[in-house]
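This report concerns only the one structure given below.
Number of protein chains: 2
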Amino acid sequence: MVGRGRPRDAGVEQRVLAAALNEIRQGGYAGLSVDRVAEQAGVAKTTLYRRWPSKAELVVALITSLREDVPFEPTDDPRRDLTGLVTAIATNLASTPPALIADLAAAAAREPRVGESVRALWAERHRAVTAVVAKAQDAGLVLDHVSPAVLVDQLVGPLYYRLLVTGEPLTPDYARKLVRSVLGPEES
Amino acid sequence: MVGRGRPRDAGVEQRVLAAALNEIRQGGYAGLSVDRVAEQAGVAKTTLYRRWPSKAELVVALITSLREDVPFEPTDDPRRDLTGLVTAIATNLASTPPALIADLAAAAAREPRVGESVRALWAERHRAVTAVVAKAQDAGLVLDHVSPAVLVDQLVGPLYYRLLVTGEPLTPDYARKLVRSVLGPEES
DNA sequence: CCATTTCCGCTACCTTAGTTGCGTAAATCG
DNA sequence: CGATTTACGCAACTAAGGTAGCGGAAATGG
Numbered sequence: 002m003v004g005r006g007r008p009r010d011a012g013v014e015q016r017v018l019a020a021a022l023n024e025i026r027q028g029g030y031a032g033l034s035v036d037r038v039a040e041q042a043g044v045a046k047t048t049l050y051r052r053w054p055s056k057a058e059l060v061v062a063l064i065t066s067l068r069e070d071v072p073f074e075p076t077d078d079p080r081r082d083l084t085g086l087v088t089a090i091a092t093n094l095a096s097t098p099p100a101l102i103a104d105l106a107a108a109a110a111r112e113p114r115v116g117e118s119v120r121a122l123w124a125e126r127h128r129a130v131t132a133v134v135a136k137a138q139d140a141g142l143v144l145d146h147v148s149p150a151v152l153v154d155q156l157v158g159p160l161y162y163r164l165l166v167t168g169e170p171l172t173p174d175y176a177r178k179l180v181r182s183v184l185g186p187e188e189s
Numbered sequence: 002m003v004g005r006g007r008p009r010d011a012g013v014e015q016r017v018l019a020a021a022l023n024e025i026r027q028g029g030y031a032g033l034s035v036d037r038v039a040e041q042a043g044v045a046k047t048t049l050y051r052r053w054p055s056k057a058e059l060v061v062a063l064i065t066s067l068r069e070d071v072p073f074e075p076t077d078d079p080r081r082d083l084t085g086l087v088t089a090i091a092t093n094l095a096s097t098p099p100a101l102i103a104d105l106a107a108a109a110a111r112e113p114r115v116g117e118s119v120r121a122l123w124a125e126r127h128r129a130v131t132a133v134v135a136k137a138q139d140a141g142l143v144l145d146h147v148s149p150a151v152l153v154d155q156l157v158g159p160l161y162y163r164l165l166v167t168g169e170p171l172t173p174d175y176a177r178k179l180v181r182s183v184l185g186p187e188e189s
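One line per chain: the protein sequences are A and B, in this order.
Going by my numbering, the first residue of the first sequence is number 2, and it counts up by one from there.
Going by my numbering, the first residue of the second sequence is number 2, and it counts up by one from there.
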């Protein structure tokens, strides 16, 4: 009941994603042509569309396959951890073309299926920040009147806001200011 | 030196924007077809493209023309003002299809000209919040270690973050929590 | 060996954003 | 009035995302 019919060529996925990566590195999301990707991969366009039902889903699969977790090793100092994590996210976001992120957000808002994938992609970081904020709260670094969930939004949200809306740069210094604004100055 | 040549038909802009509004109300950004807009407006597509060099710019012009300033009358209570303003922005954002905002952000990130228009559109709200935050600071409601600019990002950024990234709803209650998180609990 | 099933490639097609070229209409300048 | 200038409509075109149909290739089941 399992392997009926001709099996899928495992090399297709690999070659297509490689070609897509090559294309997106050069021209970004808009510059990626599905026709060219198929041609570069030596694959018919119909075969490509059998695996990924839209250009957006192809790009999501590409990003997902490239995904390496944000480097982060927890210490015993929640403030340091939070600063490090927010800085790492900011750096990671800054290294991605803003248009690409905006296109993913647009595709996510338009097609529910893509939305799931994209949100899963970004939720991981959100959860990581949530975890560290919880530790900071346990350590008494968070004021009582502050909701941890809101605090996470106020740490991560401004990064996307700058990237997509105001267009201002995402510097490590800015990340530090975000944490400082929320936790107060160092008391050492 | 002024009115040389055939003058532009003033009715074109009006009819096109009306048709575009009609289209975008139904199918959003993706559902708006330039061909159909031109046809509905009784205008050649080339004439349309002479005025707005891309679909994105047409939509920006449409949004700009529809723009009504966020209702807001300042009182003598900066905290109340801030809550009211953030709530108003949240309500306004929530009433717009997320895909439309994401598409504008994507177009803004891709084409510099569109970026200017879109950013000008959104910068107004940012400035309004900045002004109220300044008043709050004068009133001693903002802690010394907090940068007002960062604080504005932490009030407005989470709204876009929720709308575009996490997909969570923008409620008035959430807006209130944002302000509360940043200014501390009421001390009445 | 043969029928069935699934995958693949190919060609042709649809829709839409955006462009080009051309003939023509409406204005101004001399 | 005539030349010039600019706007308009029309038709044809390109490029790109996405789909449909067909013939054939590679597997499994009998």
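By construction, the Cβ of each residue, glycine as well, lies at the ideal position given by its N, Cα and C atoms.
How far does the alpha helix (DSSP H) with residue i in it extend, from its first residue to its last?
i	result
B:H127	P113 to D139
B:T65	K56 to L67
A:V151	P149 to Y161
B:A176	P173 to L184
B:D36	V35 to A42
A:E14	A11 to G32
B:R81	P79 to A95
A:T47	K46 to R52
With distances taken Cα to Cα, identify the nearest neighbour of residue i among the options.
i	options	result
A:S148	B:E69, B:K178 and B:P173	B:K178
A:R181	A:D82, A:G116, A:R7 and A:W53	A:D82
A:V13	A:P98, A:V38, A:E24 and A:D78	A:V38
B:D1	B:V134, B:G168 and B:D10	A question about residue 1 of chain B goes unanswered here, because the residues of chain B that appear run from 2 up to 189.
B:L142	B:R68, B:P79 and B:Y30	B:P79
A:P75	A:A109, A:A132 and A:R52	A:A132
A:L165	B:A110, B:V35, B:E69 and B:Y50	B:A110
B:D70	B:S34, B:W53, B:A100 and B:E125	B:E125
A:R120	B:E169, B:L33 and B:R68	B:E169
B:H146	A:V130, A:L184 and A:S34	A:L184
B:A95	B:W53, B:G28, B:Y161 and B:G6	B:Y161
B:R9	B:R52, B:V35 and B:G32	B:R52
B:R128	B:L33, B:A31 and B:V153	B:V153
B:Q27	B:R68, B:L101, B:L122 and B:L49	B:L101
A:R68	A:A31, A:T48 and A:N93	A:N93
B:G29	B:T97, B:P72 and B:T48	B:T97
A:F73	A:R7, A:V130 and A:E187	A:V130
What does the Cβ neighbour count give for residue i, buried or exposed, with the cut at 16 atoms within 10 Å?
i	result
A:Q15	exposed
B:G158	buried
A:A140	exposed
B:T84	buried
A:R163	buried
B:Q155	buried
A:P99	buried
A:A11	exposed
B:E40	exposed
A:E24	buried
The stretch 86-105 of chain B / the stretch 57-68 of chain B touching (three or more Cβ pairs under 8 Å): yes
For the stretch 80-88 of chain B and the stretch 165-177 of chain B, state whether three or more C-beta atom pairs, one from each stretch, are separated by less than 8 Å. yes
Looking at C-beta atoms only, is the number of pairs between the stretch 44-56 of chain B and the stretch 11-26 of chain B that lie closer than 8 Å three or more? yes
Does the pairing of the stretch 52-59 of chain A with the stretch 113-120 of chain A give three or more beta-carbon distances under 8 Å? Under the Cβ criterion (8 Å, minimum of three pairs), the stretch 52-59 of chain A counts as touching the stretch 113-120 of chain A.
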